[in-house]
Amino acid sequence: MPEVKEIRASELDTKEFIEKKVSEIRQTVGNGVAINALSGGVDSSAVTMLGAKALGQRLKTYFIDNGIMREGEPEQIVSVFKNMGVNVEIIDAQEEFFSALKGIEDPEEKREAITQTFYKKVFGNLVKKSGAKYLLQGTILTDIDETVAGIKRQHNVFEQLGIDPQEAFGYKIIEPLVELRKDGVRKVAQALGLPSSIYNRMPFPGPALCARVIGEATRERISLVRKATSILEEELASVKAFQYMAILHNDRVTGMRDNKRDFGQQIEIRCWDSIDARKATPTRLDFSLLEKLANRIVKEVPGVVSVTYNIAAKPPSTIEAV
Ligand code: XMP
340 MPEVKEIRAS ELDTKEFIEK KVSEIRQTVG NGVAINALSG GVDSSAVTML GAKALGQRLK
400 TYFIDNGIMR EGEPEQIVSV FKNMGVNVEI IDAQEEFFSA LKGIEDPEEK REAITQTFYK
460 KVFGNLVKKS GAKYLLQGTI LTDIDETVAG IKRQHNVFEQ LGIDPQEAFG YKIIEPLVEL
520 RKDGVRKVAQ ALGLPSSIYN RMPFPGPALC ARVIGEATRE RISLVRKATS ILEEELASVK
580 AFQYMAILHN DRVTGMRDNK RDFGQQIEIR CWDSIDARKA TPTRLDFSLL EKLANRIVKE
640 VPGVVSVTYN IAAKPPSTIE AV
């Protein structure tokens with residue numbers, strides 16, 4: 340992998356950076372068409388804006404609805420971009436993802452199923468159909484470091500798409516954010532005019548709500564954790580924390596409802612204080628806030644009889660449970 344020179348957030352001139360990247364994208368793509376997938380995260384959002392600024396309608400942006408996003412997320416993201424004058428097409432791929440996840444309980448196998456379905460099936464087909472010769476990707480410097488260190492899977496789109504570079508001669512990957520880290524990308528996203536709901540966005544994992552369901556991620560179990568997540572995000576909206584989440588456990592516990600025994604579901608809440616996710620400690624949330632959360636979750640999420648709050652730090656815990 341060629342050496343990439345880091346641009347630190349403190350020395351980043353966003354105006355100059357944006358102008359340079361827009362002109363580079365224009366030069367590379369020429370009269371051609373480019374394609375990209377938007378998830379609503381800060382990296383793919385910044386790339387979408389840079390691409391749209393450079394290419395206008397010649398950038399085809401897709402939001403892949405994998406069925407494991409949060410409540411209303413696809414529509415919210417598309418509407419943010421519509422307000423910015425950027426057209427994003429939602430691709431309904433829920434069926435593909437849920438059938439790939441069927442019967443899988445192992446965390447790494449779940450991640451692998453999502454990656455394969457995204458690259459090989461859904462996005463791979465879109466790229467082939469679109470006839471685009473250029474792919475815009477939101478790879479950042481941290482992704483490259485992690486790839487080199489073997490922590491994350493290769494960010495090699497050719498390989499992930501199952502495309503033989505020889506056969507697909509002419510395909511080019513454009514990675515405009517590759518000199519930046521997350522704090523730099525946030526500055527660029529803000530300078531591009533994106534709203535704070537995007538540039539200050541709380542981290543959300545690629546495997547989405549699937550990372551918050553222990554065991555098999557069926558439509559029903561995702562729907563359950565999605566409801567708990569909505570309540571949590573509403574109640575904790577004003578809390579200053581690095582990240583918070585609701586997790587659906589795989590084992591059940593005895594509870595009681597309407598004077599009857601109910602062997603019900605358990606939701607675990609996590610809320611983290613952290614600088615960079617490498618170390619994290621549980622936020623000392625107000626107990627009355629936790630009680631309010633628990634009351635709402637048992638009332639509003641069907642079948643839940645237990646709500647717990649994680650008080651173990653990372654390490655040895657991790658931020659996500661899966
Ligand atoms: P962990 O659980 O490893 O999480 O302490 C550290 C940070 O990374 C996010 N995370 C992921 N992000 N794909 C992602 O894009 C993943 O598979 C993944 N797993 C964890 C997590 O939300 C936290 O911010």
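The sequence shown begins at 340 in our numbering and counts up one residue at a time.
The beta-carbon is built from N, C-alpha and C at its ideal position, and this holds for glycine as well.
Residue i versus residue j - alpha carbon distance
{"i": "I453", "j": "V361", "result": "31 Å"}
{"i": "F437", "j": "G463", "result": "18 Å"}
{"i": "R558", "j": "C549", "result": "10 Å"}
{"i": "T302", "j": "S656", "result": "Within the shown structure, residues of the chain are numbered from 340 to 661, placing residue 302 beyond reach of any answer."}
{"i": "T353", "j": "V527", "result": "6 Å"}
{"i": "V637", "j": "E448", "result": "30 Å"}
{"i": "E607", "j": "E451", "result": "24 Å"}
{"i": "R347", "j": "K653", "result": "27 Å"}
{"i": "L398", "j": "P446", "result": "34 Å"}
{"i": "V425", "j": "A391", "result": "7 Å"}
{"i": "L377", "j": "K421", "result": "13 Å"}
{"i": "D457", "j": "D625", "result": "Residue 457 is actually Phe in this sequence, not Asp. F457 and D625: Cα-Cα distance of roughly 40 Å."}
{"i": "I443", "j": "Q455", "result": "14 Å"}
{"i": "R596", "j": "I650", "result": "27 Å"}
{"i": "S569", "j": "M541", "result": "14 Å"}
{"i": "R520", "j": "T481", "result": "6 Å"}
{"i": "E345", "j": "V592", "result": "50 Å"}
{"i": "E410", "j": "G554", "result": "21 Å"}
{"i": "E485", "j": "A393", "result": "29 Å"}
{"i": "I614", "j": "R635", "result": "30 Å"}
{"i": "S577", "j": "G594", "result": "31 Å"}
{"i": "I407", "j": "K359", "result": "36 Å"}
{"i": "R617", "j": "I483", "result": "17 Å"}
{"i": "G477", "j": "V386", "result": "6 Å"}
{"i": "Y349", "j": "S469", "result": "Correcting the residue identity first, residue 349 is Ser in this sequence and not Tyr. So the two alpha carbons sit approximately 39 Å from each other."}
{"i": "G509", "j": "Y473", "result": "Low confidence applies to G509: its pLDDT is 49, below 50, so where it sits in the model is not reliable enough to give any reading."}
{"i": "E355", "j": "A530", "result": "11 Å"}
{"i": "A556", "j": "Q605", "result": "15 Å"}
{"i": "D601", "j": "S536", "result": "39 Å"}
heavy atom of the ligand XMP below 7 Å from residue i C-beta
{"i": "K653", "result": "yes"}
{"i": "R450", "result": "yes"}
{"i": "Q582", "result": "yes"}
{"i": "A616", "result": "yes"}
{"i": "P546", "result": "yes"}
{"i": "I553", "result": "no"}
{"i": "T456", "result": "no"}
{"i": "T622", "result": "no"}
{"i": "I483", "result": "no"}
{"i": "E444", "result": "no"}
{"i": "A550", "result": "yes"}
{"i": "E412", "result": "no"}
{"i": "T657", "result": "yes"}
{"i": "P542", "result": "yes"}
Residue span of the beta strand (DSSP E) that contains residue i, given as start and end
{"i": "A652", "result": "Where A652 is concerned, there is no enclosing beta strand (DSSP E), given that its DSSP letter is neither H nor E."}
{"i": "I606", "result": "599-612"}
{"i": "D431", "result": "427-431"}
{"i": "R596", "result": "592-596"}
{"i": "Q415", "result": "Here Q415 belongs to no beta strand (DSSP E); instead the alpha helix (DSSP H) covers 412-422."}
{"i": "N375", "result": "373-376"}
{"i": "Q366", "result": "Element bounds for Q366: not the beta strand (DSSP E) but the alpha helix (DSSP H), 353-368."}
{"i": "A585", "result": "582-587"}
{"i": "L571", "result": "No beta strand (DSSP E) contains L571, which is instead part of the alpha helix (DSSP H) from 558-574."}
{"i": "I513", "result": "511-513"}
{"i": "L475", "result": "473-475"}
Residues of its chain near residue i, where Cβ-Cβ distance is below 6 Å and the 5 sequence neighbours each way are ignored
{"i": "G379", "result": "I416"}
{"i": "A633", "result": "V646"}
{"i": "K467", "result": "none"}
{"i": "T620", "result": "D612, A652"}
{"i": "Y648", "result": "I608, L629"}
{"i": "N589", "result": "I553, G554"}
Inter-residue CB distance, residue i and residue j (contact presumed, cutoff 8 Å)
{"i": "I513", "j": "L475", "result": "5 Å"}
{"i": "V643", "j": "G603", "result": "6 Å"}
{"i": "L587", "j": "C610", "result": "At roughly 16 Å, the Cβ-Cβ gap does not stay under 8 Å, so L587 and C610 are not in contact."}
{"i": "L688", "j": "I479", "result": "Within the shown structure, residues of the chain are numbered from 340 to 661, placing residue 688 beyond reach of any answer."}
{"i": "V381", "j": "F402", "result": "Their Cβ separation, rounded to whole angstroms, is 15 Å, which puts V381 and F402 out of contact at 8 Å."}
{"i": "K566", "j": "T367", "result": "Between T367 and K566 the Cβ distance is about 44 Å, and since that is not below 8 Å, they are no contact."}
Contact set for residue i: own chain, Cβ-Cβ below 8 Å, skip 5 residues either direction
{"i": "G532", "result": "M388, M423"}
{"i": "R551", "result": "V564, T568, M584, A585, I586, L587, E659, A660, V661"}
{"i": "A471", "result": "G371, V372, A373, I374, K399"}
{"i": "N539", "result": "R525"}
{"i": "R365", "result": "A393, L394"}
{"i": "L351", "result": "L519, G523, K526, V527"}
{"i": "S383", "result": "N375, A376, L377, G477"}
Same chain, Cβ closer than 7 Å to residue i, neighbours up to 5 away in sequence not counted
{"i": "D404", "result": "P413, I429, I430, D431, A432, Q433"}
{"i": "K460", "result": "E435"}
{"i": "E518", "result": "V343, K344, E345, I346, L480"}
{"i": "R560", "result": "V552, L587"}
{"i": "P534", "result": "V419"}
{"i": "D522", "result": "A348"}
For residue i, the first and last residue of its enclosing alpha helix (DSSP H)
{"i": "T400", "result": "T400 -> not in any alpha helix (DSSP H); beta strand (DSSP E) instead, spanning 398-404."}
{"i": "Y538", "result": "535-538"}
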